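*Asks:*
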Amino acid sequence: LLVKKHIHSHQLVAEQTTADYRAEFGRISQMVDSATTFNQWLSIYRKLISWEIELSQSSDNSIKEVLQYQKNEANQEFCKYIRRNYYDWINRRVADEDIPVMSHTLMRRRILPEVDSAEHTTLILIDNMRYDQWRTIEPLLRGFYDVITDDLYCAILPTATQYARNALFAGLMPLAIDKLMPERWLNDNEDGGKNMYEEEFLRRLIQQSGKQYKLSFDKLVRPEAGRKLLDNMQRIYDADFSVVVYNFLDILSHARTETDIIRDLTDDEASFRSLTRSWFEHSDLFVMLKMLSEQGHTVIITSDH
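Anchor point for the sequence shown: position 160 equals 187 in our numbering, and the numbering is continuous, going up by one each time.
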């Protein structure tokens, strides 16, 4: 029995994981049927992602199909929940405690309070990062940061970068941005960059919030931009609040559907998570996070959509 345990440990763990999910399936289905609040949906989502990660090592394809079915079912019910509540949220027609943190309220409700409580704060915004990808890279950071907590917020609709990220930095819904700063907003049918004024939006929000932070803002699209920033870290060290936007995962997500070789490398979600972890582990971003840890910075990592 001892020899079998060591030789077949991976198989035994996989079998136990499969059995545990089968037992949990009914409980998750009941949670989906009875969910009426955003926090309840967050609990469901966390459970499903945790099981997806756990079962990714299993060779039992049938149980993976069951999990995918349950995810699809939860997605359909969550869409119905959003349809019923979204209009009331954005028009503040319900109590504040019933409205989740959203793109246009994230900065005021969650990030600026952290900046106020720390000497130096750095916000790392990874474009299009998913929660399962965060779960993949988060263990790599545990040796460098004292406290790591995770929370989820609700992106506005449409969730595309043009809408969600501008809303995040401006602290405004897109319609409000268009009305207040029409020269800074381009609609879908207009030519030009749709996210050109994020730093300006953020500076306006900080000023309107009565803050006087020394701000540093960088947007990294090409790999060489990350290496250049590493050579100029003193600017980030000296800032009260520094923001770094990383576009790599959004580029990777698009390449997953448009480039044959990337599509072959990421033919399922487990391989996509693996590629994400491999990128992060060897990225300038990971080097930057280690450097910020040495300087004692508070770091917030989030996604825009």
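Glycine is no exception: its CB is placed at the ideal position from the N, C-alpha and C atoms.
Quick caveat, the model's predicted, so the values are computed rather than measured.
1) By DSSP's criteria, Leu247 is part of a beta bridge. Which residues make up the other side?
2) If you reduce the DSSP assignment to three classes, tell me which class Phe65 lands in.
3) For the beta strand (DSSP E) that Ile151 lies in, which residues bound it at each end?
4) Among the residues of its own chain, which have a CB less than 8 Å from the CB of Arg110, if the five just before and after it don't count?
5) With three or more beta-carbon pairs closer than 8 Å as the criterion, would you say the stretch 181-188 touches the stretch 314-326?
6) In angstroms with no decimal places, state the Cα-to-Cα distance between Leu150 and Ser77.
7) Check whether the stretch 256-273 touches the stretch 296-303, taking contact to mean three or more Cβ pairs, one atom from each stretch, closer than 8 Å.
8) So, helix, strand or coil for Leu16, using DSSP?
9) For Ile328, write down the residues that DSSP places opposite it in a beta bridge.
10) Would you please state the rounded distance, in angstroms, between the beta carbons of Ala101 and Leu75? I believe it to be under 8 Å.
11) Tell me, to the nearest whole angstrom, how far the beta carbon of Ile327 is from that of Glu141; I am working on the premise that it is less than 8 Å.
12) Helix, strand or coil for Met129, going by three-state DSSP, please let me know.
13) Thinking Thr325 and Ala145 are a contact (beta carbons under 8 Å), I'd like their distance in whole angstroms, please.
*Replies:* So, from the data block:
1) Tyr273
2) helix
3) For Ile151, the uninterrupted beta strand (DSSP E) run begins and ends at Thr148 to Ile153, by DSSP.
4) none
5) The stretch 181-188 vs the stretch 314-326: no contact.
6) Near 25 Å, if we compare the C-alpha coordinates of Ser77 and Leu150.
7) no
8) Outside the modelled stretch of the chain, which goes from 28 to 332, sits residue 16, for which no answer is possible.
9) Ile151
10) 6 Å
11) Indeed they touch by this definition, with Cβ atoms about 6 Å apart.
12) strand
13) 4 Å
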